[in-house]
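What follows is a single structure, written as structure tokens, with notes after it.
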Amino acid sequence: MKPKNTSKQYFLVLGITAWVMSFLWENLHAGLYKDFAPQMAKLAYLGCSLADVVLVLIIWKTTAWLLHNPTWGRQATRMSYSVATIVAATLSYFAEKTSLLLNLWRYTDKMPLVPLLGIGLSPWLAIIVIPLSSFIIADRLYLQNKLQ
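Sequential numbering of the sequence shown, starting at 1, is according to UniProt numbering.
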């Protein structure tokens, strides 16, 4: 019997979970952005969701590097989630600020802003909440699969 490749399974679950959550988030906060034609918005959401998956993987890898633990996500601790949260918040800030400076999107007046940072609350939270939730779900599914 061939052994399961749990590492591939873990990252597949992580990527799919992050993409689904990001796509839902993008659609839910769509009204906070200007100048998206309805037919172009769906394509933009797909692209943004894929970019968010890349950010999730960057956050995962950066956290692994900072913790000196390449398998941190497969049995994460509060400390590792704390490091991941700091990495996510920092990366989210720079990604959103860069996107705004490049005029990739603009906010409507409905978008709440993060005080002192000058970026939208919803996109900033997205790149904190989605990765952490994805890490937790992938970790739980990995452990569940490992125990079977």
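Every residue, glycine too, gets a C-beta built ideally from N, C-alpha and C.
Everything numeric in this text was worked out from a predicted model, so none of it was measured.
To the nearest angstrom, how far is it from the Cα of L147 to the Cα of S92?
-> The predicted position of L147 is uncertain, since its pLDDT is 48 and thus under 50; a value taken from the coordinates is nonetheless stated next. For L147 and S92, the distance between alpha carbons rounds to 34 Å.
Beta-carbon proximity list for Y45, same chain, < 7 Å, skipping 5 on both sides = F23, E26 and N27
For P70, does the count of other Cβ atoms within 10 angstroms reach 16, so buried, or fall short, so exposed?
-> exposed
Name, in chain order, the residues that DSSP records as bridge partners for Y107.
-> Y33
Assign M79 to one of two classes, buried (16 or more other C-beta atoms within 10 Å of its C-beta) or exposed (fewer than that).
-> exposed
Under the three-state reduction of DSSP, which class applies to L113: helix, strand or coil?
-> strand
Within the present structure, is the beta-carbon of S80 separated from the nearest heavy atom of the ligand FAD by less than 8 Å?
-> With respect to the ligand FAD, the structure shown offers nothing to examine, as it has no ligands at all.
For W65, count neighbouring Cβ atoms within 10 angstroms of its own Cβ and tell me buried if that reaches 16, exposed if not.
-> exposed
What is the rounded straight-line gap between the Cα of N145 and the Cα of L100?
-> 41 Å
Whole angstroms is fine: what's the gap from I130's alpha carbon to V56's?
-> Cα to Cα, the separation comes out at about 8 Å.
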